[in-house]
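*Asks:* Here it is: the structure, laid out below.
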Amino acid sequence: MSLAHRIIPCLDTDGPRVVKGVHFAGLRDAGDPVALASRYNEEGADELVVLDVAASRDRRPTFLETIRRVAAELSIPLTAGGGIRTLEDGRAVVRAGADKVTINTAAVERPELISELSREFGAQAVVLAIDAKRNGNHWDVMVRGGRESANRDAIEWANRGVEMGAGEILLTSVDRDGTQAGFETELTAAISKAVSVPVIASGGAKLPEHFVQVFKEGAADAALAASIFHDGVQPIRALKEFLRTTGIEVRLPC
Amino acid sequence: MKVTIIDYGAGNVPSVERALRRLGAEAERTNSAETIASAEALLLPGVGHYAALVRALDEQQMREPLVGALERGVPFLGICLGLQVLFESSAESPKLHGLNLMPGKVCALPSTVKLPHMGWNQIASNGESRLLDGIDSSAYFYFAHSYAAPDSNGSTTATCFHGSRFAAVVENHNIYGVQFHPEKSGDSGFRLLGNFLRIAA
Numbered sequence: 148m149s150l151a152h153r154i155i156p157c158l159d160t161d162g163p164r165v166v167k168g169v170h171f172a173g174l175r176d177a178g179d180p181v182a183l184a185s186r187y188n189e190e191g192a193d194e195l196v197v198l199d200v201a202a203s204r205d206r207r208p209t210f211l212e213t214i215r216r217v218a219a220e221l222s223i224p225l226t227a228g229g230g231i232r233t234l235e236d237g238r239a240v241v242r243a244g245a246d247k248v249t250i251n252t253a254a255v256e257r258p259e260l261i262s263e264l265s266r267e268f269g270a271q272a273v274v275l276a277i278d279a280k281r282n283g284n285h286w287d288v289m290v291r292g293g294r295e296s297a298n299r300d301a302i303e304w305a306n307r308g309v310e311m312g313a314g315e316i317l318l319t320s321v322d323r324d325g326t327q328a329g330f331e332t333e334l335t336a337a338i339s340k341a342v343s344v345p346v347i348a349s350g351g352a353k354l355p356e357h358f359v360q361v362f363k364e365g366a367a368d369a370a371l372a373a374s375i376f377h378d379g380v381q382p383i384r385a386l387k388e389f390l391r392t393t394g395i396e397v398r399l400p401c
Numbered sequence: 151m152k153v154t155i156i157d158y159g160a161g162n163v164p165s166v167e168r169a170l171r172r173l174g175a176e177a178e179r180t181n182s183a184e185t186i187a188s189a190e191a192l193l194l195p196g197v198g199h200y201a202a203l204v205r206a207l208d209e210q211q212m213r214e215p216l217v218g219a220l221e222r223g224v225p226f227l228g229i230c231l232g233l234q235v236l237f238e239s240s241a242e243s244p245k246l247h248g249l250n251l252m253p254g255k256v257c258a259l260p261s262t263v264k265l266p267h268m269g270w271n272q273i274a275s276n277g278e279s280r281l282l283d284g285i286d287s288s289a290y291f292y293f294a295h296s297y298a299a300p301d302s303n304g305s306t307t308a309t310c311f312h313g314s315r316f317a318a319v320v321e322n323h324n325i326y327g328v329q330f331h332p333e334k335s336g337d338s339g340f341r342l343l344g345n346f347l348r349i350a351a
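Quick note, the sequences are listed as chains B and V, same order. For the first sequence, my numbering gives the first residue as 148, with consecutive numbering after it. For the second sequence, my numbering gives the first residue as 151, with consecutive numbering after it.
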């Protein structure tokens with residue numbers, strides 16, 4: 148009996164639709180967020196993340212409406228983010244039905260945002276998203292969708308974020324994102340060992356073996372992926388059944 | 151069956167309400183002392199900081215009618231902080247008083263493990279739980295907390311382990327509490343809420 152490793156599908160939304168190829172390739176339609184959320188809830192996803200990739204002010208009402216409709220389908224936790232810059236933005240997302248709020252660039256620019264959200268909703272509701280890119284023998288924090296370096300060490304920033312009140316780290320390898328070459332286990336292990344909170348690994352997932360690696364070698368508490376789930380290339384239930392055969396503790400719903 | 155949900159602003163109120171309605175119960179939200187005093191069944195969801203819950207109960211004069219209802223035998227289910235507040239106090243805000251309906255103090259989970267205890271874990275039942283009736287013993291429930299109630303309080307019917315053993319389910323006559331979030335725990339959580347509705351009916 149111990150905490151199960153979590154499998155988390157991620158819906159990147161632009162307006163009312165889920166899109167793929169966020170960071171590098173051109174955006175491509177991948178379906179209806181509510182239909183996908185409902186499918187993942189049934190298939191045994193442990194949580195769901197919804198990210199507004201456009202994150203423009205005029206699209207905000209559409210995003211909040213998406214959260215409301217997705218939340219209504221779920222009996223698992225929901226994390227939402229993308230463009231959250233203020234406590235007010237966080238409140239709107241929580242009121243719409245998110246259990247956790249994820250923040251990225253805005254937290255790098257103004258770390259107090261982490262403590263403001265943490266005081267209001269509790270550390271368990273604040274997910275600090277870090278996009279990291281290898282630079283020699285360390286990793287740089289990247290901002291604005293992975294395009295710009297924040298000139299900050301990822302391990303140092305993760306520790307600072309936890310001190311400020313983040314209850315979880317969503318760690319994306321910018322080098323691996325979209326490559327389907329597997330998670331960057333070295334980065335994941337470095338962050339996971341450095342911080343006292345759970346770490347969600349993201350970027351590069353394709354094969355079931357990639358998940359085994361990131362849990363066993365990367366010491367990840369959870370793993371996140373998008374397109375392999377949307378495309379049906381990797382059904383969640385089959386993935387979890389495979390992980391269980393390798394001795395990794397997962398929740399298999401009946 | 152109408153369940154009165156004590157709404158002090160916790161984020162999980164809508165999902166609890168939705169789950170109850172899906173189970174065929176009527177659900178109303180309240181922060182009014184009168185509504186609590188006349189409730190058929192009470193549910194206290196909670197997430198976030200212990201102090202926010204205790205302060206809301208006191209500032210909105212909900213403590214007295216709530217304790218009164220529980221002492222009269224009104225069925226009650228506390229979720230997460232809603233379980234923790236049943237005890238004497240919590241190390242998260244040591245100066246504040248809990249409802250003191252169960253003996254013991256809520257403590258921080260040990261820092262030898264990752265905190266918050268976040269995600270799906272299994273629980274060990276003593277076989278006498280009414281809330282867990284018909285739920286597979288290997289079922290997982292969703293937890294998100296850093297503080298927990300002692301498992302040795304006489305009312306614990308199931309425990310969980312994360313760095314140390316703690317109370318996952320408490321039951322004493324009409325008073326029920328769960329440390330995990332049944333409203334976020336898929337089918338197992340849904341069944342548990344159904345059991346509470348049957349007990350309360």
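Heads up, the beta-carbon is just placed ideally off N, CA and C, and yes, glycines get one too. Remember, predicted model here, so these are calculated numbers, not experimental data.
Alpha carbon to alpha carbon, what distance is there between N284 (chain B) and E326 (chain V)?
*Replies:* The sequence position of residue 326 (chain V) within the second sequence is 176, counting from 1. The sequence position of residue 284 (chain B) within the first sequence is 137, counting from 1. One point to set straight first is that residue 326 (chain V) is Tyr, not Glu, in the sequence displayed. The alpha-carbon atoms of Y326 (chain V) and N284 (chain B) are separated by roughly 53 angstroms.
*Asks:* Within the same chain, show all residues whose beta-carbon is closer than 7 angstroms to that of V309 (chain B), passing over the 5 residues directly before and after it, in chain order.
*Replies:* The sequence position of residue 309 (chain B) within the first sequence is 162, counting from 1. Only V342, S343 and V344 meet the Cβ criterion.
*Asks:* Hey, could you find the ends of the alpha helix (DSSP H) V153 (chain V) is sitting in?
*Replies:* The residue given as residue 153 (chain V) occupies position 3 in the second sequence. Looking at the DSSP string, V153 (chain V) is not in any alpha helix (DSSP H); the run it does join, the beta strand (DSSP E), is K152 to I156.
*Asks:* If you measure from the beta carbon of Y158 (chain V) to each beta carbon in chain B, is any gap under 9 angstroms?
*Replies:* By one-based count along the second sequence, residue 158 (chain V) stands at place 8. For Y158 (chain V), the answer is no, since every Cβ of chain B falls outside 9 angstroms of its Cβ.
*Asks:* My parser needs the beta strand (DSSP E) runs of 3 or more residues fully inside the region 173-254 of chain V; what are they?
*Replies:* Segments of the beta strand (DSSP E) lying fully in the region 173-254 of chain V: 176-180, 191-194 and 226-229.
*Asks:* Could you work out which residues of chain V lie near L264 (chain B), taking near to mean beta carbons separated by less than 9 angstroms?
*Replies:* Position 117 of the first sequence, counted from the first residue, corresponds to residue 264 (chain B). Per Cβ cutoff of 9 angstroms: no residues; L264 (chain B) is ~11 angstroms from chain V at best.
*Asks:* Does L265 (chain V) come within less than 9 angstroms of chain B when only Cβ atoms are used?
*Replies:* For the purposes of this step, residue 265 (chain V) is taken as the residue at position 115 of the second sequence. For L265 (chain V), the answer is yes, since a Cβ of chain B falls inside 9 angstroms of its Cβ.
*Asks:* Comparing C-alpha positions only, which one of B:D324, B:D246, B:E331 and B:A373 sits nearest to V361 (chain B)?
*Replies:* Mapped onto the first sequence, residue 361 (chain B) falls at position 214. When each option's Cα is compared against that of V361 (chain B), the closest is B:E331.
*Asks:* Closer than 9 angstroms, CB to CB, is I186 (chain V) near chain B or not?
*Replies:* As a position in the second sequence, residue 186 (chain V) is number 36, starting the count at 1. No, I186 (chain V) does not count as interfacial toward chain B.
*Asks:* Starting from S339 (chain B), follow the beta strand (DSSP E) in both directions and report where the run begins and ends.
*Replies:* Working through the first sequence from its first residue, we reach residue 339 (chain B) at position 192. Not the beta strand (DSSP E): S339 (chain B) falls in the alpha helix (DSSP H), residues T332 to A341.
*Asks:* Which residues bound the alpha helix (DSSP H) around V273 (chain B)?
*Replies:* For this step, residue 273 (chain B) is matched to residue 126 along the first sequence. Careful: V273 (chain B) lies outside any alpha helix (DSSP H), inside the beta strand (DSSP E) at V273 to N282.
*Asks:* Less than 9 angstroms separating the beta-carbons of L231 (chain V) and L192 (chain V)?
*Replies:* Taking the first residue of the second sequence as position 1, residue 231 (chain V) is located at position 81. Taking the first residue of the second sequence as position 1, residue 192 (chain V) is located at position 42. Not a contact, by the Cβ cut-off of 9 angstroms.
*Asks:* Does any CB atom of chain V fall closer than 9 angstroms to the CB of L318 (chain B)?
*Replies:* The residue you call residue 318 (chain B) lines up with position 171 of the first sequence. Not one chain V Cβ lies under 9 angstroms of L318 (chain B).
*Asks:* Are the CB atoms of A177 (chain B) and S374 (chain B) within a distance shorter than 9 angstroms?
*Replies:* Translated into the one-based positions of the first sequence, residue 374 (chain B) becomes position 227. Translated into the one-based positions of the first sequence, residue 177 (chain B) becomes position 30. Going by C-beta atoms, S374 (chain B) is nearer than 9 angstroms to A177 (chain B).
*Asks:* When the Cα of F316 (chain V) is compared with those of V:N322, V:N324 and V:Q329, which residue comes out closest?
*Replies:* Mapped onto the second sequence, residue 316 (chain V) falls at position 166. Selected option, being the one with the closest Cα: V:Q329.
*Asks:* Rounded to the nearest angstrom, what separates V181 (chain B) and S222 (chain B) at their Cα positions?
*Replies:* Stepping through the first sequence from its first residue, residue 181 (chain B) is reached at position 34. Stepping through the first sequence from its first residue, residue 222 (chain B) is reached at position 75. Taking the straight line joining both Cα atoms gives about 13 angstroms.
*Asks:* Note down, in chain order, each residue of its chain lying with its Cβ closer than 7 angstroms to the Cβ of A305 (chain B), except the 5 sequence neighbours on either side.
*Replies:* As a working note, residue 305 (chain B) is residue 158 in the first sequence. Counting only Cβ-Cβ distances below 7 angstroms, and skipping sequence neighbours, we find I277, I316, I338, A341 and V342.
*Asks:* Among V:L170, V:I156 and V:E221, whose alpha-carbon lies nearest the alpha-carbon of D208 (chain V)?
*Replies:* As a working note, residue 208 (chain V) is residue 58 in the second sequence. Checking every option, the nearest Cα to that of D208 (chain V) belongs to V:I156.
*Asks:* For E295 (chain B), which residues does DSSP report across the bridge?
*Replies:* For the purposes of this step, residue 295 (chain B) is taken as residue 148 along the first sequence, with counting starting at 1. Bridge partners of E295 (chain B): B:V290.
*Asks:* Relative to the C-alpha of L93 (chain V), which candidate in V:R171, V:A160, V:A201 and V:A169 has its C-alpha closest?
*Replies:* Outside the displayed range of chain V (151 to 351) lies residue 93 (chain V), so it cannot be described from this structure.
*Asks:* Using three-state DSSP, classify A182 (chain B) as helix, strand or coil.
*Replies:* Numbered from its first residue, the first sequence carries residue 182 (chain B) at position 35. Helix at A182 (chain B).
*Asks:* Tell me whether the region 302-318 of chain V and the region 268-282 of chain V touch, counting them as touching only if at least three CB pairs, one residue from each stretch, are closer than 8 angstroms.
*Replies:* The region 302-318 of chain V is in contact with the region 268-282 of chain V.
*Asks:* With S374 (chain B) as the anchor, note down where its alpha helix (DSSP H) starts and where it stops.
*Replies:* Residue 374 (chain B) sits at position 227 when you count from the first residue of the first sequence. Looking at the DSSP string, the run of the alpha helix (DSSP H) that includes S374 (chain B) is S374 to H377.
*Asks:* Return the chain-ordered list of same chain residues with a C-beta closer than 6 angstroms to the C-beta of D301 (chain V), the five sequence neighbours on each side being excluded.
*Replies:* The sequence position of residue 301 (chain V) within the second sequence is 151, counting from 1. Hits under 6 angstroms: T309, R315, F316 and A317.
*Asks:* Please list, in chain order, all residues of the same chain as F171 (chain B) whose beta carbon is under 8 angstroms from its beta carbon, the five residues on each side excluded.
*Replies:* Here residue 171 (chain B) refers to the residue found at position 24 when the first sequence is read from its first residue. With a pLDDT of 49 at F171 (chain B), under the threshold of 50, the predicted position of this residue should be treated as unreliable, and no value is reported.
*Asks:* Going by other Cβ atoms of all chains shown within 10 Å of its Cβ, with 16 needed for buried, is L399 (chain B) buried or exposed?
*Replies:* One-based indexing of the first sequence puts residue 399 (chain B) at position 252. L399 (chain B) comes out exposed.
*Asks:* If you reduce the DSSP assignment to three classes, tell me which class T393 (chain B) lands in.
*Replies:* Start at 1 with the first residue of the first sequence, and residue 393 (chain B) comes out as number 246. In the structure shown, T393 (chain B) sits in coil (DSSP, three-state: anything other than H, G, I, E or B).
*Asks:* By a C-beta neighbour count over all protein chains shown, 10 Å radius and 16 as the cutoff for buried, is P253 (chain V) buried or exposed?
*Replies:* One-based indexing of the second sequence puts residue 253 (chain V) at position 103. The residue in question, P253 (chain V), is exposed, as its Cβ has fewer than 16 Cβ neighbours within 10 Å.
*Asks:* How should N162 (chain V) be labelled, buried or exposed, when 16 other C-beta atoms within 10 angstroms of its C-beta is the threshold for buried?
*Replies:* Looking up residue 162 (chain V) in the second sequence gives position 12. Classification of N162 (chain V): buried, given that the 10 Å Cβ count is 16 or more.
*Asks:* Mapping the DSSP letters down to three states, classify Q360 (chain B) as helix, strand or coil.
*Replies:* Taking the first sequence and counting its residues from 1, the one referred to as residue 360 (chain B) is at position 213. DSSP places Q360 (chain B) in helix when its eight states are reduced to three.
*Asks:* Where do the ends of the beta strand (DSSP E) carrying V197 (chain B) lie?
*Replies:* On the first sequence, residue 197 (chain B) is found 50 positions in, with the first residue counted as 1. V197 (chain B) -> beta strand (DSSP E) spans L195 to D199.
*Asks:* Taking just the CA atoms, how far does Q272 (chain V) sit from S335 (chain V)?
*Replies:* Against the second sequence, residue 335 (chain V) aligns to sequence position 185. Against the second sequence, residue 272 (chain V) aligns to sequence position 122. Computed Cα separation, rounded: 11 angstroms.
*Asks:* How would you call V290 (chain B), buried or exposed, if buried means at least 16 neighbouring beta carbons within 10 angstroms?
*Replies:* Here residue 290 (chain B) corresponds to residue number 143 of the first sequence, with the count starting at 1. By the neighbour-count rule (16 or more Cβ atoms within 10 Å), V290 (chain B) is buried.
*Asks:* Along the chain, where does the alpha helix (DSSP H) containing A218 (chain B) start, and where does it finish?
*Replies:* For the purposes of this step, residue 218 (chain B) is identified with residue 71 of the first sequence, where counting begins at 1. Unbroken alpha helix (DSSP H) run through A218 (chain B): R207 to E220.
*Asks:* Please state if the CB of A206 (chain V) and the CB of S243 (chain V) are separated by a distance shorter than 9 angstroms.
*Replies:* Your numbering for residue 243 (chain V) matches position 93 in the second sequence. Your numbering for residue 206 (chain V) matches position 56 in the second sequence. For S243 (chain V) and A206 (chain V), no; Cβs fall outside 9 angstroms.
*Asks:* Using only alpha-carbon positions, find the residue among B:E396, B:G379 and B:G394 that is nearest to E190 (chain B).
*Replies:* Taking the first sequence and counting its residues from 1, the one referred to as residue 190 (chain B) is at position 43. Here the closest residue by C-alpha is B:G379.
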